[in-house]
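I have placed the structure first, in the form of structure tokens, so that the comments after it can refer back to it.
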Amino acid sequence: MRGSLGIRLFLYTGSTLVLMLLATLLIIERTQSLQWESHLREQSIAFAKFATPEVIKQFRGDFFAGTHVGEGEIQDFLGFNRQLIRFEIYSPSGRHLYRSPLLPDFIDLDLSDLLSDPDPERLATPRLTLQTTSSSNPRILDVVAPAFGPTGQHLLSVHYLISYDLIDQRLWELRRSFAGIAGVVVVVALILVALVARRITIPIRDLTEGVRAISSGDLSARTPQHWKNEIGTLAQAFNEMADSLGRSRQELTEKNRALTLANDELRQVQEQLLRAERLATLGQVAAGVSHEIDNPVGIILGYAELLHDDLPDQDPRRADVEAIIAECRRCRRITGGLLSLARTAPEERERIDVPELVQGIFRSLRPQMLFRNVEMSFEADDSVQPIVGDADCIRQILVNLFLNGAQAMSGAGQIKVAVSLEQNIVAITVCDSGPGIPADLQEKIFEPFFSTKGHEEGTGLGLSLCRKLAEEHGGRLELVTAKEGACFRLGLPSRPVE
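Counting in our numbering, the sequence shown runs from 1285 upward without gaps.
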């Protein structure tokens, strides 16, 4: 629980005092209750031993007629025991012989839950037994006393019901008296605690206000030092800490700013070096592939196309020749992609109106079979400025993103394009309603030769080439989070790259 030191001291002291008083009350009440109950048991045993023979004499052995027995005489005889509720007479075998009416002090007492006969074993036992019935209100002491004949034979058993009402009244008076005394003690003690807590918490409160000002960021704040004790020493220590924190914060801020800039530059340089190394390797491979593979593949493709034209439509070999042609064309696409990755940045650039470029791409793609069932929408902010770059390269990037989206949706779905200006960056966002890209593959999609398409559909060079072209324009192509489908963001500077 949060709160001031004074409140806590007040509550803890008060709670401890109340708990101690309650524990004392419980101990006293328990001790007195045991003493009083022991006295009641001894008194009830003596009463049962004295009253049982006299009660039996009143009936003179006739329990059934019973009308000649004066109940008033019995009540007068037993009336000296003011806690007796009633009595019953049983044979040792458990047969019920007589039940007296309720005595005057308990005439309104409900004993419906005690109408059952005592345990037969207790009735047959030739000794006095006691049992407390705690389920009733008030509590009742159940006493069974045997009655013996002249020869010592167990003739009858008398069942007495004796109330704990006197003990309960005494316990209630004890609680009430103790509560009054405890209340006075608690009030006096809490007043003293409040006075002591006030003398302690006032200087601490002043110190806390100064500390809170420092913790909120105001390191120029200082705590007062009006005391020549431990609190004053603590205030001085906090002021020294504030001075040290101010110097450390300033140094840390400067170092953190420099470290952030250096880290960003290092990350960019590292990424550029890694991509440059990959592209250099691919450039060497592309040159060799272009010379060693592209020409032979072209010859094979030419002869295969001639053979395909010469074969009749029903010739079963046409399928094999078509497979050769498809694989040859795929090889040429791969070599073409490798050459594009190895190609240097364009030297001549022009001003490009991005919204007009996107609209032109839409017009050229809509008639194609793959895009006939694709709904293509476009939004552009009025603040979008023209960019400077190679229009063919930007067009190649966007066409690749549109083709990837349409293929992912199997030619049916939505492609949404939005163009906006974000701090001198023209952001082109392309989103589709396809299945999206699994999380474990999102880090790999820009790597060369990695493709989420089948072996027959992709070479794995499209997105890698698109990112290279974007970086050559001083921009960046990245995958962004979307609720559904895949969403790519192409950011290009609105100013020309130096």
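Note that the Cβ used here is the ideal one computed from N, Cα and C, for glycine as well.
1. Let me know the secondary structure DSSP gives G1720 once reduced to three states.
2. Use the C-beta contact count for R1635: other C-beta atoms within 10 angstroms, 16 or more gives buried, fewer gives exposed.
3. Put G1758 into one of helix, strand or coil per three-state DSSP.
4. How long is the line joining the alpha carbons of Y1448 and D1490, rounded to whole angstroms?
5. Give the straight-line distance between the Cα atoms of L1455 and H1323, rounded to the nearest whole angstrom.
6. According to DSSP, simplified to helix, strand and coil, what is V1339?
7. Would you mind giving the Cβ-Cβ distance between V1581 and R1616, rounded to the nearest angstrom? I have them listed as a contact below 8 Å.
8. I'd like the list of long-range same chain contacts for A1332, defined as Cβ closer than 8 Å, with 5 residues on each side in sequence excluded.
9. Rounded to a whole number of angstroms, what is the C-alpha to C-alpha distance between L1536 and F1686?
10. Are the CB atoms of C1612 and N1684 within a distance shorter than 7 Å?
11. Taking the alpha carbon of T1507 as the reference point, which residue from Q1520, I1721, E1514 has its own alpha carbon closest?
12. Touching or not, the stretch 1713–1724 and the stretch 1689–1700, by the rule of three or more beta carbon pairs under 8 Å?
13. So E1755 packs on R1773, CB below 8 Å; how close in whole Å?
14. Using DSSP's beta-bridge definition, name the partner residues of E1313.
15. Across the stretch 1465–1478 and the stretch 1382–1393, are there enough close Cβ pairs to call them in contact, namely three or more that are closer than 8 Å?
16. Let me make sure I understand the geometry here. Which of A1497, S1694, T1544, L1439 has the alpha-carbon closest to that of S1377?
17. Along the alpha helix (DSSP H) that carries A1690, what are the first and last residues, could you check?
18. How about Q1367 and I1446: are their beta carbons less than 7 Å apart?
19. Going straight from the alpha carbon of D1599 to that of E1589, what length do you get?
20. If you run the structure through DSSP and keep just helix, strand and coil, what is E1321?
21. When you compare only the Cα positions, how much space is there between R1679 and A1603?
22. Hey, I1340 and A1431: beta-carbon distance below 7 Å or not?
23. On the criterion of 16 or more Cβ atoms from any shown chain inside 10 Å, does V1605 qualify as buried, or is it exposed?
24. Below 7 Å between beta carbons: does that hold for L1745 and A1690?
25. Name the DSSP beta bridge partners of F1371, please?
26. Which whole-angstrom value describes the C-beta separation of L1386 and R1370, a residue pair presumed to lie in contact below a C-beta threshold of 8 Å?
27. Quick one: grab the DSSP three-state call for D1666.
28. Just verifying my parser: in three-state terms, what is the DSSP assignment at E1457?
29. If you draw a straight line from the C-alpha of Q1788 to the C-alpha of F1730, how long is it?
30. Of all the options E1640, S1317, D1403, I1721, which has the alpha carbon lying nearest to the alpha carbon of E1457?
31. Can you tell me whether M1304 is buried or exposed? The criterion is at least 16 other CB atoms within 10 Å of its CB, across all chains shown.
32. Indicate whether S1748 and P1722 have their beta-carbon atoms separated by less than 7 Å.
33. Terminal residues of the continuous beta strand (DSSP E) containing L1407?
34. Taking the alpha-carbon positions, what's the H1352 to I1373 distance?
35. Please report the distance separating the alpha-carbon of D1724 from that of A1542.
36. For H1592, which residues from the same chain have a beta carbon less than 7 Å from its beta carbon, with the 5 sequence-adjacent residues on both sides left out?
Here's the rundown:
1. For the purposes of this step, residue 1720 is identified with residue 436 of the sequence shown, where counting begins at 1. Of the three classes helix, strand and coil, the one that applies to G1720 here is coil, per DSSP.
2. Against the sequence shown, residue 1635 aligns to sequence position 351. Exposed, by the Cβ-count rule.
3. As a first step, residue 1758 is located in the sequence shown; it is residue number 474 there, counting from the start. The answer is coil: DSSP assigns G1758 none of H, G, I, E or B.
4. Position 164 of the sequence shown, counted from the start, is the residue given in the question as residue 1448. Position 206 of the sequence shown, counted from the start, is the residue given in the question as residue 1490. Answer to the nearest angstrom: the Cα atoms are 60 Å apart.
5. For the purposes of this step, residue 1455 is taken as the residue at position 171 of the sequence shown. For the purposes of this step, residue 1323 is taken as the residue at position 39 of the sequence shown. Taking the straight line joining both Cα atoms gives about 14 Å.
6. On the sequence shown, residue 1339 is found 55 positions in, with the first residue counted as 1. V1339 falls in the helix class under three-state DSSP.
7. In the sequence shown, residue 1581 corresponds to position 297, counting from 1. In the sequence shown, residue 1616 corresponds to position 332, counting from 1. With 8 Å as the limit, V1581 and R1616 qualify as a contact, their Cβ atoms being about 6 Å apart.
8. Working through the sequence shown from its first residue, we reach residue 1332 at position 48. Taken in chain order, the residues that qualify are L1412, V1427, A1429, V1442, Y1444.
9. Against the sequence shown, residue 1536 aligns to sequence position 252. Against the sequence shown, residue 1686 aligns to sequence position 402. Approximately 47 Å between the Cα atoms of the pair.
10. Working through the sequence shown from its first residue, we reach residue 1684 at position 400. Working through the sequence shown from its first residue, we reach residue 1612 at position 328. Cβ atoms of N1684 and C1612: not closer than 7 Å.
11. Counted from its first residue, the sequence shown places residue 1507 at position 223. It is Q1520.
12. yes
13. In the sequence shown, the residue the question calls residue 1755 occupies position 471. In the sequence shown, the residue the question calls residue 1773 occupies position 489. Not confirmed; about 14 Å, so no contact.
14. To locate residue 1313, count along the sequence shown from 1; it is residue 29. E1313 pairs with nothing; no bridge assigned.
15. no
16. Here residue 1377 refers to the residue found at position 93 when the sequence shown is read from its first residue. Nearest C-alpha to S1377: L1439.
17. Taking the first residue of the sequence shown as position 1, residue 1690 is located at position 406. Start and end: 1675–1692.
18. The residue given as residue 1367 occupies position 83 in the sequence shown. The residue given as residue 1446 occupies position 162 in the sequence shown. A contact, by the Cβ cut-off of 7 Å.
19. In the sequence shown, the residue the question calls residue 1599 occupies position 315. In the sequence shown, the residue the question calls residue 1589 occupies position 305. Whole-angstrom Cα-Cα distance: 15 Å.
20. Taking the first residue of the sequence shown as position 1, residue 1321 is located at position 37. E1321 falls in the helix class under three-state DSSP.
21. Residue mapping note: residue 1679 aligns to position 395 of the sequence shown, counting from 1. Residue mapping note: residue 1603 aligns to position 319 of the sequence shown, counting from 1. Approximately 35 Å between the Cα atoms of the pair.
22. As a working note, residue 1340 is residue 56 in the sequence shown. As a working note, residue 1431 is residue 147 in the sequence shown. Yes.
23. Here the question's residue 1605 lines up with position 321 in the sequence shown. Counting Cβ neighbours within 10 Å, V1605 comes out buried, since at least 16 surround it.
24. Along the sequence shown, one-based indexing puts residue 1745 at 461. Along the sequence shown, one-based indexing puts residue 1690 at 406. Not in contact: L1745 and A1690 (Cβ atoms no closer than 7 Å).
25. Along the sequence shown, one-based indexing puts residue 1371 at 87. In the DSSP output, where bridge partners are listed per residue, F1371 has Y1444.
26. Residue numbering aside, residue 1386 sits at position 102 when the sequence shown is read from its first letter. Residue numbering aside, residue 1370 sits at position 86 when the sequence shown is read from its first letter. Going by Cβ atoms, the distance from L1386 to R1370 rounds to 5 Å, so yes, they are a contact pair.
27. Translated into the one-based positions of the sequence shown, residue 1666 becomes position 382. If DSSP states are grouped into helix, strand and coil, D1666 belongs with coil.
28. Locating residue 1457 in the sequence shown gives position 173, counting from the first residue. Here E1457 sits in helix by DSSP.
29. Summary: the structure shown does not reach residue 1788, with the chain confined to residues 1285 through 1782, and so no result is reported for it.
30. To locate residue 1457, count along the sequence shown from 1; it is residue 173. Minimum Cα distance to E1457 is reached at S1317.
31. For this step, residue 1304 is matched to residue 20 along the sequence shown. That one is exposed.
32. As a first step, residue 1748 must be located in the sequence shown, where it is residue number 464. As a first step, residue 1722 must be located in the sequence shown, where it is residue number 438. Result no, Cβ atoms of S1748 and P1722 do not sit closer than 7 Å.
33. To locate residue 1407, count along the sequence shown from 1; it is residue 123. Unbroken run through L1407 is the alpha helix (DSSP H), 1404–1408; no beta strand (DSSP E).
34. Position 68 of the sequence shown, counted from the start, is the residue given in the question as residue 1352. Position 89 of the sequence shown, counted from the start, is the residue given in the question as residue 1373. Residue placement at H1352 is flagged as unreliable, the pLDDT there being 48, under the threshold of 50; the coordinate-derived value follows with that caveat. Going from the Cα of H1352 to the Cα of I1373 covers about 17 Å.
35. Within the sequence shown, numbered from 1, the residue matching residue 1724 stands at position 440. Within the sequence shown, numbered from 1, the residue matching residue 1542 stands at position 258. Using only the alpha carbons, I get a separation of about 34 Å.
36. To locate residue 1592, count along the sequence shown from 1; it is residue 308. Result list for H1592: R1602, V1605, E1606, I1609, in chain order.
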